[in-house]
Amino acid sequence: MLEEYLTEQLQTSGLQNAEFSELLIRLLDFGVICRDESQIEASLYDRYLQCSELVEDYLRVLGIRVQHDRKFAFVRLYPPGSEIPGMIDEENSPFNSGFRVRPSQQEIAVILVLRAEYEKSLREGQIDENGQVLLPLEGLAIAMNNLLKRNLPEGLIERKKLFTRLRQLRLIQYNMEDEFDSDESWLSIQPTITSFVTDQVLNSLGDGISEPEPVIASTLFNSEGSQ
656 MLEEYLTEQL QTSGLQNAEF SELLIRLLDF GVICRDESQI EASLYDRYLQ CSELVEDYLR
716 VLGIRVQHDR KFAFVRLYPP GSEIPGMIDE ENSPFNSGFR VRPSQQEIAV ILVLRAEYEK
776 SLREGQIDEN GQVLLPLEGL AIAMNNLLKR NLPEGLIERK KLFTRLRQLR LIQYNMEDEF
836 DSDESWLSIQ PTITSFVTDQ VLNSLGDGIS EPEPVIASTL FNSEGSQ
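Note that the numbering used here numbers the sequence shown so that position 11 is 666, with each residue one more than the last.
In structure tokens:
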């Protein structure tokens, strides 16, 4: 009966069941879709626009919430109980399971600093028309030390792994050929960073915290790679 309902609703949107299934699998697998990330995600994002209400209704049954930012063209999923900037969930309490990805302490530290640097650039009007902020690797390292008294990983393998993970979360972009072995390397902080860190956590940076707590919003599942 549910399948018949979906088929009927999808016909109205001009989509096939397989196309709807592909969209949901991608969202649940990666937890986020950004139109500017790739041709694949651009196609999936446009498909989401065709059936956004149906996607949200389907996921609502599972207690999963959808954040859609039309300005910067991205969609992010949140499991029940997640604290989401600008969204309140009074019906669900947090749970602990493998359903959500909990970033490592190193990842959390870098994410917090990236969010602080994005906010700084936003106040200074240093963002481009796509809402992105360019940040040199040297600038990130300095900010890490100033805000959290932490350093970026020294090893190139660990450093590349860290930035690959942040790219999978659609928080940064960078030249895929960059090995991050020079302070002249650059990152592009994506506007999705604003939906990943709450204002409460961001404000805590001003209090000089030294051990960031893992209280930022999570994504669903652990994506092993991106296309």
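Ideal Cβ positions, reconstructed from N, Cα and C, are used throughout, including at glycine.
Ranked by how close their Cα comes to the Cα of PHE727, the residues ALA798, ILE719, GLU784 have GLU784 in first place. The way I'd put it, the stretch 766–785 doesn't touch the stretch 666–681; fewer than three beta-carbon pairs between them come closer than 8 Å.
For ILE763, the closest C-alpha among the options GLU658, ILE848, TYR660 is that of ILE848.
Bounds of the alpha helix (DSSP H) holding SER707 are 707–715.
Comparing C-alpha distances from LEU717 to each of GLU708, VAL856, PRO734, SER698 shows the shortest one belongs to PRO734. Residue SER759 holds the alpha-carbon nearest to the alpha-carbon of LYS816 among SER759, ASP684, ILE719. The beta carbon of PHE729 is closer than 6 Å to those of CYS689, THR847 in its chain, skipping five residues each way along the sequence.
Taking 7 Å as the cut-off, the beta carbon of VAL687 is found closer than this to the beta carbon of ARG825.
For ARG690, no alpha helix (DSSP H) segment is defined, and its DSSP state is neither H nor E. Assigned with DSSP and collapsed to three states, TYR660 falls in helix. In the three-state reduction of the DSSP assignment, ILE797 falls in the helix class. Separation of the CB atoms of ARG681 and SER850 is rounded to 18 Å, and the pair is thereby denied contact status at 8 Å.
The three-state reading of DSSP puts VAL852 in coil, since its state is none of H, G, I, E or B. GLU779 is classed as exposed because its beta carbon has fewer than 16 other beta carbons within 10 Å across all chains shown.
Ranking ILE827, GLN761, ASN858, TYR703 by CA distance to the CA of TRP841 puts ILE827 first. Annotation: TYR660 to ILE719 spans about 20 Å, alpha carbon to alpha carbon. Taking C-beta atoms as the reference points, LEU670 and CYS706 count as a pair closer than 7 Å.
Within the same chain, GLU762 come within 7 Å of ARG820 by CB-CB distance, once the 5 residues on both sides are set aside.
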